[in-house]
Amino acid sequence: MIRYLKTFVTAAETASFSAAGARLGLTQSAVSAQMQRLEDDLGVQLFERTGRAVSLSDDGRRLLTQAQGVIAGYQAMRGEAGAHDGQAALAPIHVGAILTVQLGLLPGAVQRWTALGAMPHLNIVPGMSVQLLGQLDAKELDLAVMIRPRIGVPADMKWLTLMQEPYVAIAPKGTRGAVADWAAQMPFVRYNRRSYGGDLVERYLRRHRLWVREGVELDEPEVILRLVRARLGWSIVPATLIGLPVDGHTAGKAGKADRAGKGGGTAAHGVQVLPLSGAPLTRELGVLVRQSALKRAPVATLMKCLADEAQSRG
């Protein structure tokens with residue numbers, strides 16, 4: 001809550017959530033979310049909100065001095081603790097990760113990490129990429145292994161690409177025909193459109209004028225694979241981290257994709273797999289890290305372990 005108190009004091013000084021965000025390296029929405037959480041925790045309304053303008057409420061003015069005192073006391077405590085540099089170096093590292101990364105990439109990377117000897121404790125936090133970006137923005141995470149943000153990389157963060165993961169079409173084992181046939185015959189198990197990865201699927205469907213029968217919509221490709229295997233419909237998913245073959249996903253192999261489609265594709269993991277025709281459909285997976293966290297040597301080492309593991313999957 002110290003971080004939220006600092007945001008509260010800065011917002012009070014600037015009388016603006018956007019100005020407070022600019023000073024603290026946060027977005028306006030992150031400042032607003034922190035203030036909402038602080039108000040919920042304290043049980044009072046700290047600000048009067050009128051459009052984009054904010055001003056302290058009576059309770060806010062009453063609590064401002066106390067908040068400044070708490071922050072000053074905490075900074076004094078940090079000054080005393082700063083003498084213990086060895087302990088600070090071993091402070092936990094908070095890592096966000098989407099589920100396919102947790103299942104497919106993280107185990108090998110953590111194995112490389114632990115083989116290096118004494119390292120800080122890793123706290124793994126699950127979530128969709130858009131959620132993890134918000135937690136990074138709020139300084140609740142040090143880094144996140146996720147899909148590259150559509151909105152670009154914030155100025156106070158750094159992006160490291162790990163892999164380009166191609167998408168494929170999948171249907172229950174034994175399904176014949178091309179992707180268009182699947183779309184006409186079966187419900188579509190959809191990768192959540194609100195996620196970065198699911199938005200790519202939606203764009204592909206529109207670009208190729210594929211009209212689907214809506215079925216289940218959810219966040220994780222690994223779970224989608226299981227639902228398709230259970231014969232609940234067909235889907236388009238990123239392939240590499242859930243172990244699906246990707247032959248024919250490039251634009252130069254579109255003809256091969258069409259020929260495979262007529263025969264029903266390749267059987268793997270209990271499903272039929274078809275490469276997608278047209279321009280390659282991929283999602284960019286990587287590490288988004290706060291610049292301040294990157295100054296810690298163990299964080300940089302963890303990023304190298306992740307990069308090495310991704311490269312080994314070639």
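Residue 17 in UniProt numbering sits at position 17 of the sequence shown, and the numbers go up by one each step. Just so it is clear, CB atoms sit at the ideal spot from N, CA and C, and this is done for glycine as well. For clarity, every value in this text was computed on a predicted model and none was experimentally measured.
{"Query": "Nearest neighbour of residue 97, chosen from 292, 308, 287 and 310 [CA to CA]", "Result": "287"}
{"Query": "Reference residue 241, options 132, 190, 313 and 185, closest by Cα", "Result": "313"}
{"Query": "Nearest-angstrom Cα separation, counted from residue 91 out to residue 28", "Result": "29 Å"}
{"Query": "Residue 149 and residue 130 closer than 9 Å at C-beta", "Result": "yes"}
{"Query": "Cα-Cα separation, residue 182 to residue 224", "Result": "16 Å"}
{"Query": "Own chain residues within Cβ distance below 8 Å of residue 18, not counting five before or after", "Result": "28, 31 and 52"}
{"Query": "Close-in-space but distant-in-sequence residues of the same chain around residue 197 (CB under 7 Å, 5 per side omitted)", "Result": "147, 191, 238 and 283"}
{"Query": "Nearest candidate by alpha-carbon position, reference residue 55, set 94, 11, 176 and 292", "Result": "11"}
{"Query": "Residues near residue 235 in its chain [Cβ-Cβ closer than 6 Å; skip 5 each side]", "Result": "170, 189, 224 and 228"}
{"Query": "Helix, strand or coil at residue 229 according to DSSP, with G and I counted as helix", "Result": "helix"}
{"Query": "For residue 160 and residue 301, believed in contact at Cβ under 8 Å, the rounded distance", "Result": "So it is not a contact: roughly 13 Å between Cβ atoms."}
{"Query": "Limits of the beta strand (DSSP E) - the one that residue 182 falls within", "Result": "Segment 179–185 is the alpha helix (DSSP H) holding residue 182; no beta strand (DSSP E) there."}
{"Query": "CB contact flag (residue 327, residue 246, <9 Å)", "Result": "The structure shown does not extend to residue 327, since the chain is modelled only from 1 through 314, so no value can be given for it."}
{"Query": "Three-state secondary structure assigned by DSSP to residue 164", "Result": "strand"}
{"Query": "Sequence ranges, beta strand (DSSP E) only - wholly within the stretch 268–307, length at least 3", "Result": "271–275 and 282–290"}
{"Query": "For residue 15, the nearest candidate out of 122, 143 and 47 (CA to CA)", "Result": "47"}
{"Query": "Residues near residue 93 by beta carbon distance below 8 Å, same chain, minus five either side", "Result": "120, 121, 122, 123, 142, 143, 293, 296, 298, 299 and 302"}
{"Query": "Where residue 5 falls, given that 16 or more other Cβ within 10 Å makes a residue buried", "Result": "buried"}
{"Query": "Distance CB(residue 309)-CB(residue 105) smaller than 9 Å", "Result": "yes"}
{"Query": "Among 151, 36 and 164, nearest to residue 49 - alpha-carbon criterion", "Result": "36"}
{"Query": "Whole-angstrom C-beta distance between residue 67 and residue 8, which should lie under 8 Å", "Result": "6 Å"}
{"Query": "Helix, strand or coil at residue 222 [DSSP, three-state]", "Result": "helix"}
{"Query": "Residue-chain proximity (residue 72, chain D), Cβ-Cβ < 9 Å", "Result": "Of the protein chains in this structure there is only one, and it is not chain D."}
{"Query": "Of the listed residues 212, 109, 34 and 215, nearest to residue 306 (C-alpha basis)", "Result": "109"}
{"Query": "Candidates 140, 101 and 153, of which the one nearest residue 163 by Cα", "Result": "101"}
{"Query": "Neighbour-count burial assignment, residue 259, 16 or more Cβ in a 10 Å radius", "Result": "Unreliable positioning characterises residue 259 in this predicted model, as indicated by a pLDDT of 36, which lies under 50. A coordinate reading is not provided."}
{"Query": "Endpoints, the beta strand (DSSP E) within which residue 98 is located", "Result": "Here residue 98 belongs to no beta strand (DSSP E), and DSSP marks it neither H nor E."}
{"Query": "Beta-carbon contacts of residue 112 that lie in its chain and below 8 Å, excluding the five residues immediately before and after", "Result": "305, 308 and 309"}
{"Query": "Whether residue 95 touches residue 168 by CB criterion (9 Å)", "Result": "no"}
{"Query": "Inter-residue CB distance, residue 151 and residue 74 (contact presumed, cutoff 8 Å)", "Result": "Between residue 74 and residue 151 the Cβ distance is about 32 Å, and since that is not below 8 Å, they are no contact."}
{"Query": "Among 59, 128 and 45, the one whose alpha carbon lies nearest that of residue 221", "Result": "128"}
{"Query": "Residue 236 - DSSP class collapsed to helix/strand/coil", "Result": "strand"}
{"Query": "Check whether residue 201 and residue 193 have beta carbons under 9 Å apart", "Result": "yes"}
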